[in-house]
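**Student:** Residue numbers (my numbering): 10 to 219. Note that CB positions come from ideal geometry on N, CA and C, so glycine has one too. Since this is a predicted model, take the numbers as computed values, not measurements. What follows is a structure written as structure tokens; I'll ask about it next.
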Amino acid sequence: MSQSLSPSATQSIDTVPHNALVIDRHGTILSLNNRWRACCKEYSLPSQLAKVGSNYLELLPEWVVEPTLLHNVLKSTLGGERLVASTDCTILCISKGRRVFRFEAFPLLPAPSPEKAMWAIAHQDAGPVVEGHHIQPLTAHLSTMKQTFKFIPICASCKSIRNNQEEWLTIERFLQMQLHVQFTHDICPECIRQLYPQYADAFKETSGQP
């Protein structure tokens, strides 16, 4: 039987500034906000994605170009292998063409029990797919970067990097532009303990669940 969100949790998911929904560990949609409903309509996504009770994971092949990749990333979070997950994937959009969407998944904590754990998934349009742009192996671009940057200026405070055009970029953006790599975000156990001590115990309770 599908669980339901408390009124306060439902209200909070509807006020977040993201196209967001909440699923259980099986992928069943428990709640979604108005922004996600509007996003599904604007991008001509499957109508089931905007319905409570549908299975989000089972619907991935209908609108994501590489559903297995995204499915595995999300399952690693639902299975407790990582606390949060973030990755970019290409979606199929009839009205706007192929778009890159950023998917971020994180648990709603504290969970009443491991069996009733819930996760929020936020979606963000990262722009159109650039034809001919592919993720290349890291080693293929190392020599080019070494020739371009003998010394790489990095901010002593925020760690942003200055490129040849005098632009300050985040480390992730700089590496994406120079090496054509793609990032998926996680958080290590030590940082969980330091930054989110109130969540550390709750994460341990859910980490052993399939």
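At what residues does the alpha helix (DSSP H) containing Asn-28 begin and finish?
**Tutor:** Boundaries for Asn-28: no alpha helix (DSSP H) harbours it, while the beta strand (DSSP E) harbouring it runs 28 to 33, taken from the DSSP string.
**Student:** What does the Cβ neighbour count give for Thr-153, buried or exposed, with the cut at 16 atoms within 10 Å?
**Tutor:** For Thr-153, the pLDDT reaches just 44, beneath the cut-off of 50, and the residue's location in the model is therefore unreliable, although a value from the coordinates is still provided. An exposed status is given to Thr-153, since fewer than 16 other beta-carbon atoms sit within 10 Å of its beta-carbon.
**Student:** Would you call the segment 27 to 34 and the segment 121 to 130 touching, i.e. three or more CB-CB distances under 8 angstroms?
**Tutor:** yes
**Student:** Rounding to the nearest angstrom, what Cα-Cα distance links Val-93 and Pro-162 in this structure?
**Tutor:** 30 angstroms
**Student:** Going straight from the alpha carbon of Val-82 to that of Cys-98, what length do you get?
**Tutor:** 11 angstroms
**Student:** If you draw a straight line from the C-alpha of Glu-71 to the C-alpha of Ser-166, how long is it?
**Tutor:** 44 angstroms
**Student:** For Arg-108 and Pro-76, what's the separation of their Cα atoms in angstroms?
**Tutor:** Straight-line measurement puts the Cα of Pro-76 at about 14 angstroms from the Cα of Arg-108.
**Student:** Excluding the 5 residues preceding and the 5 following Leu-68 in the sequence, name in chain order all residues of the same chain whose CB lies nearer than 8 angstroms to its CB.
**Tutor:** Pro-55, Gln-57 and Leu-58
**Student:** Verify whether the separation of the beta carbon atoms of Val-74 and Ser-40 is less than 8 angstroms.
**Tutor:** Contact: no.
**Student:** Please report the Cβ distance between Ala-29 and Ile-22, rounded to the nearest whole angstrom; I am assuming they are in contact, meaning their Cβ atoms lie under 8 angstroms.
**Tutor:** That pair is a contact at about 6 angstroms.
**Student:** Do Thr-86 and Ala-114 come within 8 angstroms of each other at the CB atom, strictly closer than that value?
**Tutor:** yes
**Student:** Relative to the alpha-carbon of His-27, which residue among Ile-170, Lys-168 and Ala-135 has its alpha-carbon at the smallest distance?
**Tutor:** Ala-135
**Student:** Under the three-state reduction of DSSP, which class applies to Pro-55: helix, strand or coil?
**Tutor:** coil
**Student:** For Pro-137, which residues in the same chain have their Cβ closer than 8 angstroms to its Cβ, ignoring the five residues on either side in sequence?
**Tutor:** Lys-105, Gly-106, Arg-107, Arg-108 and Val-109
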